[in-house]
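Q:
Protein chains: 4
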Amino acid sequence: MVTTGTWDIKESVSSPVYSTGKRPIKIHTKTVSDEMSNNHYESCIEACNQCLTACENCASSCLHEQDLKMMARCIELDRDCADICSLAARFMARGSPYAAKLCSLCAEICQACGDECAKHHMEHCKQCAAACHKCAEECRKMA
Amino acid sequence: MVTTGTWDIKESVSSPVYSTGKRPIKIHTKTVSDEMSNNHYESCIEACNQCLTACENCASSCLHEQDLKMMARCIELDRDCADICSLAARFMARGSPYAAKLCSLCAEICQACGDECAKHHMEHCKQCAAACHKCAEECRKMA
Amino acid sequence: MVTTGTWDIKESVSSPVYSTGKRPIKIHTKTVSDEMSNNHYESCIEACNQCLTACENCASSCLHEQDLKMMARCIELDRDCADICSLAARFMARGSPYAAKLCSLCAEICQACGDECAKHHMEHCKQCAAACHKCAEECRKMA
Amino acid sequence: MVTTGTWDIKESVSSPVYSTGKRPIKIHTKTVSDEMSNNHYESCIEACNQCLTACENCASSCLHEQDLKMMARCIELDRDCADICSLAARFMARGSPYAAKLCSLCAEICQACGDECAKHHMEHCKQCAAACHKCAEECRKMA
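Taken in sequence, the protein lines are chains G, V, Z and X.
Position 136 (the first sequence) corresponds to 135 in numbering that gives the first Met the number 0; numbering is contiguous.
Position 109 (the second sequence) corresponds to 108 in numbering that gives the first Met the number 0; numbering is contiguous.
Position 63 (the third sequence) corresponds to 62 in numbering that gives the first Met the number 0; numbering is contiguous.
Position 2 (the fourth sequence) corresponds to 1 in numbering that gives the first Met the number 0; numbering is contiguous.
Listed below in C-alpha cells is the structure:
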C-alpha cells in the first residue's frame, strides 16, 4: 500500500504532479488524473521496491557463493538494477515529469538483470529473477 | 513481502550477512539466525519504503500548497527523511553490518519529520506523519 | 581529480568496464580503451558532482527565499537533477554499460533545471544554472 | 571547487542551513557562519566524492580479479562506503542539521573500507584505500 492517492477536490491544488509544461493539467480534471496516476504508479513503485530489495540480497548472497566467478556479472547487474529501481520509485512517488523516461531505462536494466539471474539455480537468484521480470513488466507499462 | 529468508542448510554459506567480525555466525546456526534477521528486517524495510514514498509525495504536494512558507521546514525534513529511509532499507536488504547504526539515525530523522508533518492538517502531511512515526518505531527496534 | 585511469598492462584484466556482451573488449586493447573511457568519463563525473552539489544548495537556499512560490519549480527540478547527477556519476565511475543512456536522460534534466534557475537573479540560482548547463553539455558528450 | 559559499548580507536569509532549532543563527552572524560552514564542508564534500568514485571503481575492478574470493569483503565494503559517502556529501551540500551525525557514521565505514583495501596490492585497491582514509579523516572533523 502506497500512502498516496487520496486527494479530494479541495486539495487538488496540492498535486504532486508538477507543472513543467509537459503535462498541462486543468484544475477540474487534475483530481481525477492524479488518482489515476497514483493508482497507475502504485503497483510499479511496489514492484521497484521488491526488485531492489531482491537485488541487494542477491548481490550479498552471490558474494558468498562457492563459484564466485560465475556470479560476477550477476553482482554487477544487481548493483545497477537496485540503484535504478530505487530512483524510479522515488521519481514516481514525487510525481516527477521524468518518471516515465526513467522507468523505460529501469525496464531495460531489470530485464537484463532478471535474464542473468535466471541462469542460476540458487534461491536468491531465482527470487531475484522473478522480482526483476515483474518489475520490468510494470516499468514498461509506465514508459 | 520481502524476497529474502528462504535459505536452507545447503545454501547457508551464501549468507547475505557479511563477515566483518562483528557478527560471528557459526555455520549450523547461520540458517536460523539469517531467517531471524530477515524476519526481523522485513517489517522495517517495508516501513522504510512506505515512509520514503510518503515523504516524496508530501514534499511534492507541499510545494503546491497556498501557504508555502509554512511548509518549508516540512519539505526540508521530507528530503532528509526520504534519503535516509532509502539507504537504511538497502543496508538492511544487503545485510550490512552498519544497518543498525544507520537505522538509529533514521529513527531520529523519521521522528523529527513525523513531528513536523503532524503540525499540518493536509492529508499528505497526515499520511506522512503516520508513515514517519511508524518507521521511527520500527527503526528503533533495529538500532 | 578522479582516482581512476591508471591501469597498466598487468592489471588490464581488472577492467571496471563490465562484460555484458555490449562492449566486447580484447585484452590487448583493453588498457588503452579503459584509459580512454576513464579520461572520457573524468570531466563528466566531475561536472555531475559539481551540479548535484549546486542543486542541493540551491534547493535549500530557495526554501528560505522571500518569494517562495516563485521558486517552487526550481526546487522540484533541483531535486530531480541532484538525484540523476548522483546516479550518472556512479554509473560512470563503475563502468556500467548503462552509463551512456543514463547520461542522456541526465543531460535533459540538467538542461531543464539550468534553464529554470537562469530565470532567477539569486546567486545560488546563477551558480546552479551554470553548473547545470555545464553538466548538460558534458553528459551530452557521453550519451 | 564547490559552488557554495558566496552569500552576501542581502541574501543571508537564503541560508541553506535550515532551522530545526538545533542551530539557532542570528541574522547578522548568519553570513559569516554560513561561509565558515561552507568552507568547512567544502573539502569534506570533495573527499566524499573522491571516495565514492574510488569505491565504485574498486568494486567493479575487484569483480574482474583472478582471486575473486579474496576480494569479496572489499566489494561489500566498497558498496556500503560509496553509498554513505554519497549521502553524506548531499547532506552537507544541502546544509542538513543531520550532516554531522551522518559524517560520523561515514568516517567509521570509510575507515573500515580503507583498512580492507590496504590489504591488497592492486592499484584500484591502493587508490581506494587512500581515498577512504582521506575521507575518514575529513568526516571525523565534521562529526
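Glycine included, each C-beta is placed from N, C-alpha and C at the ideal position.
Note that this is a predicted model, so its numbers are computed, not measured.
Measuring CB to CB, does residue 56 of chain Z end up less than 7 Å from residue 92 of chain X?
A: Contact flag set, yes.
Q: Measure from the alpha carbon of residue 41 of chain Z to the alpha carbon of each residue in Z:123, Z:116, Z:98, then state which is nearest.
A: Closest option to residue 41 of chain Z, Cα to Cα, is Z:98.
Q: Between the beta-carbon of residue 109 of chain G and the beta-carbon of residue 88 of chain G, is there less than 7 Å?
A: Taking 7 Å as the Cβ cut-off, residue 109 of chain G and residue 88 of chain G do not qualify as a contacting pair.
Q: Of the residues V:139, V:112, V:53, V:122, which one's Cα is nearest the Cα of residue 72 of chain V?
A: Checked all of V:139, V:112, V:53, V:122; the closest Cα to residue 72 of chain V is V:112.
Q: So with CB distances below 7 Å, who are the chain Z contacts of residue 101 of chain V?
A: Within 7 Å Cβ-Cβ: nothing; residue 101 of chain V doesn't reach chain Z, min ~18 Å.
Q: Rounded to a whole number of angstroms, what is the C-alpha to C-alpha distance between residue 63 of chain X and residue 74 of chain G?
A: Taking the straight line from one Cα to the other gives about 11 Å.
Q: Does the beta carbon of residue 82 of chain G come closer than 7 Å to any beta carbon on chain Z?
A: Output row for residue 82 of chain G: interface = yes.
Q: Give the residues of chain X in contact with residue 44 of chain V, contact being defined as C-beta atoms less than 7 Å apart.
A: Neighbours of residue 44 of chain V on chain X: none; closest Cβ ~15 Å, over 7 Å.
Q: Alpha helix (DSSP H) containing residue 136 of chain V: first to last residue?
A: Segment 122-141, the alpha helix (DSSP H) holding residue 136 of chain V.
Q: With respect to the alpha helix (DSSP H) encompassing residue 93 of chain V, which residues constitute its N-terminal and C-terminal limits?
A: No alpha helix (DSSP H) holds residue 93 of chain V; DSSP gives it neither H nor E.
Q: In this structure, how does DSSP classify residue 110 of chain V when only helix, strand and coil are distinguished?
A: Residue 110 of chain V: helix per DSSP, three-state reduction.
Q: Please report whether the beta-carbon of residue 94 of chain V lies at a distance below 7 Å from any beta-carbon of chain G.
A: Output row for residue 94 of chain V: interface = yes.
Q: Who are the neighbours of residue 97 of chain G on chain Z, taking C-beta pairs under 8 Å?
A: Under the 8 Å cutoff, chain Z gives 79, 83, 104, 107, 108.
Q: Taking its Cβ as the centre, do 16 or more other Cβ atoms sit within 10 Å of residue 126 of chain V, making it buried, or is it exposed?
A: Buried, since its Cβ has 16 or more Cβ neighbours within 10 Å.
Q: Are residue 106 of chain X and residue 78 of chain X closer than 7 Å when you measure CB to CB?
A: No, they are not a contact pair.
Q: Work out the CA separation of residue 121 of chain V and residue 60 of chain V for me, nearest whole Å.
A: Between residue 60 of chain V and residue 121 of chain V, the C-alpha separation is close to 9 Å.
Q: With H, G and I counted as helix, E and B as strand and the rest as coil, what does DSSP make of residue 117 of chain Z?
A: Residue 117 of chain Z falls in the coil class under three-state DSSP.
Q: DSSP state of residue 67 of chain Z, grouped into three classes?
A: If DSSP states are grouped into helix, strand and coil, residue 67 of chain Z belongs with coil.
Q: On a Cα-Cα basis, can you pick out the residue from G:68, G:50, G:96 that is closest to residue 142 of chain G?
A: It is G:96 whose Cα lies nearest to the Cα of residue 142 of chain G.
Q: Can you tell me the Cα-Cα spacing of residue 53 of chain X and residue 118 of chain V, whole angstroms?
A: Going by the C-alpha atoms only, they are around 43 Å apart.
Q: Kindly indicate which residue of Z:102, Z:69, Z:70 has the alpha-carbon position closest to the one of residue 85 of chain Z.
A: Minimum Cα distance to residue 85 of chain Z is reached at Z:102.
Q: Measuring CA to CA, which of V:66, V:51, V:67 is closest to residue 81 of chain V?
A: Per the Cα distances, V:51.
Q: Chain X beta carbons: is any one of them nearer than 7 Å to that of residue 75 of chain Z?
A: Closer than 7 Å: no.
Q: Residue 100 of chain Z to residue 104 of chain G, Cα distance in whole Å?
A: Approximately 8 Å, taken between the alpha carbons.
Q: Does any CB atom of chain V fall closer than 7 Å to the CB of residue 51 of chain X?
A: Residue 51 of chain X does not count as touching chain V.
Q: By Cβ distance below 7 Å, which residues in the same chain neighbour residue 124 of chain V in space, the five residues on each side in sequence not counted?
A: Hits under 7 Å: 57, 73, 116.
Q: Quick one: grab the DSSP three-state call for residue 62 of chain Z.
A: Reduced to three states, the DSSP call for residue 62 of chain Z is coil.
Q: Going by beta carbon distance, what residues of the same chain come within less than 7 Å of residue 76 of chain V, once the five residues before and after it are set aside?
A: Around residue 76 of chain V: 111, 112, 115.
Q: Determine whether the Cβ of residue 55 of chain Z lies closer than 7 Å to any Cβ atom of chain X.
A: By this cut-off, residue 55 of chain Z is an interface position.
Q: Quick check on residue 133 of chain V - is its C-beta less than 7 Å from some C-beta in chain Z?
A: Residue 133 of chain V does not count as touching chain Z.
Q: Using a C-beta cutoff of 7 Å, does residue 86 of chain X count as contacting chain V?
A: So yes, residue 86 of chain X belongs to the interface.
Q: So with Cβ pairs under 7 Å, would you call residue 118 of chain V a contact of chain Z?
A: Output row for residue 118 of chain V: interface = no.
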